[in-house]
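Following the numbering used here, the numbering of the sequence shown begins with 241 at its first residue and continues without gaps.
Where is the CB? At the ideal position from N, CA and C, for every residue including glycine.
None of these values were measured; they are calculated from a predicted model.
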Amino acid sequence: MANGTTTIEKAGPDAADLAVTDARFDEFTTVINEPDLLAERRRAAWDRYRELPAPTRRSEEWRYTDLSRLALDSFRPSTPTEQGAVQVPYEELPAEIRDLIEHSHGRAGVFVQRNGACIHHHLEPDLAERGVVLASLTEAASSHPELLGEHLFGEEVAEAEAKLWSLHAAFLTGGYLLYVPKNVEVELPLHVFRIVDDAASLVSVHSLVVAEPGAVVTCIDEYLSPDLEEPMLSLAGAEIVGQASADIHYVSLQRYGRGVQHFGIQHVTAHRDTVVNGFNVTLGGDLTRADVSSWLRGPGSESEMLALWFGDRDQHIDHHTLQHHVAPHARSDLLYKGALTDEARSVFRGLIRVNPGAQLTDAYQTNRNLLLSETSNATALPNLEIEADDVRCSHGATIGQVEERQMFYLMSRGLTKEQAERLLVIGFFDEVLSRLPVEGVRVRVREAIERKLGL
């Protein structure tokens, strides 16, 4: 380090410009009034960030996503103001969010953030009486320090994720804790809206979901923004912890406008007999990178990993996944599907890893890609790393264009080429959408896809 700047040893022209000055971090932290627990985690993350090298395209994990033009120090960190944020009455929320809440089959709770600050928060009173917690991280650090102390930034992070994960924690703008006590079933989803409209800023938000044994919950994180004239950087982390026999459904729906570069890292921990259903939808932004990992740590645990994306213009969408089988008798199933048009590009790199003691593992990994233009491009890299001998594991990927026979059939029924393509895209995605267990969520996601398709 020299002259107050975190220096990065560049491996060549492909090394990312992820240098951030100490002065920028110090300036950021001086305006934050937060509990000691959060301040300590933030400082530890910054120290770790300074030690780590920047990702480079020479590594397999970053080969297809170029960060060399991402000059982090040019982004202004959005100041977290959760403690002093003005709570906006429901009737003063953006009309789009009010419409979603009113026409989306009910919600058990709503949490709205704007540029990382909580502006609206509601949890059904009967759930609060049963011990359910939906609170900002700042509030939870004071009211539930034991939960944050045990779980916040407590997951193992892969080497390829570590740099951005540390940056996310160091410049944390805001987030929430969702806690569901033992044997409590939350019948309706809890919906979190993340709105960003601060151009040239860095906004970092976090989701911490903890379900005690026997708990049942569905949580939706939705990311929204208008088209921005200047680029902004969105960092999002999620830690989802399911204790014995918990049942968790987690949905991440990214519908950013133009100008947003979004990096999301999700970690799922499933203990004995826990079932976690994760669903990632990517529709917006200019650049999206999602690192999604499931750690099956208990016998009988299950992880279902679903995702879909639709890219147009020159969008770049990158997904990296890990199904990590630590315990025996566990099951994971991944189905990721993407459609691309114009000059959009996508990358899928998935890994099933089975530890030496994880016998009777049952794991599947499938990636399907549909190209709707000659200039779109998809890369698929499924992988297996198995160190047990009594397992059933398979993986596969396809990249293809719309079948002419299907197009001919639809157009012979009076549809235009554009209408036929749109219907085929909806049908292509239905295989994923049909596996969502909550009808209201299925409708919500299908409507978002149809809007992007112009239906």
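Alpha-carbon to alpha-carbon, residue j and residue i
i	j	result
Asp276	Pro453	29 Å
Met651	Pro429	40 Å
Thr261	Ala400	22 Å
Arg684	Arg608	22 Å
Val665	Leu612	9 Å
Trp405	Asn520	18 Å
Leu387	Gly371	13 Å
Asp573	Ala603	6 Å
Ala440	Met472	5 Å
Asp366	Arg675	30 Å
Leu417	Val456	16 Å
His692	Leu548	With the sequence shown as reference, residue 692 is identified as Lys, and His is not the correct amino acid for it. In a straight line, the C-alpha of Lys692 is about 13 Å away from that of Leu548.
Ala620	Glu627	23 Å
Ala451	Thr270	34 Å
Ser623	Cys633	Per the sequence shown, residue 623 should be read as Asn rather than Ser. Each residue's Cα considered, the two are about 11 Å apart.
Gly540	Thr601	10 Å
Leu292	Ile337	39 Å
Ala570	Glu267	47 Å
Arg537	Thr509	7 Å
Ser533	Ala398	9 Å
Per-residue burial, residue i [other beta carbons within 10 Å of its own, 16 or more giving buried]
i	result
Arg512	buried
Ser474	buried
Ala409	buried
Gln353	buried
Pro295	buried
Phe411	buried
Tyr202	For the chain, the structure presents residues 241 to 695; residue 202 sits outside this window and is missing.
Ser273	The question names Ser, but residue 273 is Asn in the sequence shown. Label assigned to Asn273: exposed.
Asp287	exposed
Ala335	exposed
Phe648	exposed
Gln501	buried
Arg645	exposed
Asp630	exposed
Gly597	exposed
Gly389	exposed
Ala368	exposed
Glu544	buried
Asp531	buried
Gly504	buried
Gln506	buried
Gly346	exposed
Ser314	exposed
Ala478	buried
Ser383	exposed
Residues bridged to residue i [DSSP beta-bridge criterion]
i	result
His446	Gly415 and Gly477
Pro622	Gly590
Glu544	Asn517 and Asp573
Arg434	Gln353 and Tyr463
Phe550	Ala579
Asn617	Arg585
Beta strand (DSSP E) segment containing residue i, residue limits
i	result
Lys577	Arg571 to Leu580
Asp558	His556 to His565
Val456	Val456 to Leu464
Leu527	Leu527 to Leu536
Ser376	Val373 to Ser376
Arg632	Arg632 to Gln641
Opening and closing residue of the alpha helix (DSSP H) in which residue i lies
i	result
Asp276	Asp276 to Glu291
Val500	Where Val500 is concerned, there is no enclosing alpha helix (DSSP H), although the beta strand (DSSP E) it sits in stretches over Val500 to Ala510.
Phe265	Asp262 to Thr270
Trp405	Glu399 to Ala410
Val491	No alpha helix (DSSP H) holds Val491; the beta strand (DSSP E) holding it covers Asp487 to Arg495.
Leu610	Per DSSP, Leu610 belongs to no alpha helix (DSSP H); it is in the beta strand (DSSP E), Asp602 to Leu611.
Val665	Lys657 to Leu673
Arg298	No alpha helix (DSSP H) holds Arg298; DSSP gives it neither H nor E.
Arg370	Premise fails: Arg370 is in no alpha helix (DSSP H) and is neither H nor E.
Phe648	Glu644 to Ser652
His391	Pro385 to His391
Asp339	Ala335 to Glu342
Val683	Glu679 to Leu693
For this session: Spell out a yes or no on whether the region 480-487 and the region 651-662 are touching, meaning 3 or more CB-CB pairs, one atom from each, closer than 8 Å.
Result: With a cut-off of 8 Å, the region 651-662 and the region 480-487 do not count as touching, because too few Cβ pairs lie within range.
Exercise. Are the region 524-538 and the region 549-564 touching, with three or more C-beta to C-beta distances below 8 Å?
Worked result: Note that the region 524-538 touches the region 549-564; at least 3 beta-carbon pairs, one per stretch, sit closer than 8 Å.
Exercise. Do the region 615-628 and the region 576-586 touch if we need at least three Cβ pairs shorter than 8 Å?
Worked result: With a cut-off of 8 Å, the region 576-586 and the region 615-628 count as touching, because enough Cβ pairs lie within range.
Exercise. Can at least three beta-carbon pairs, one atom from the region 291-307 and one from the region 410-424, be found at a separation below 8 Å?
Worked result: no
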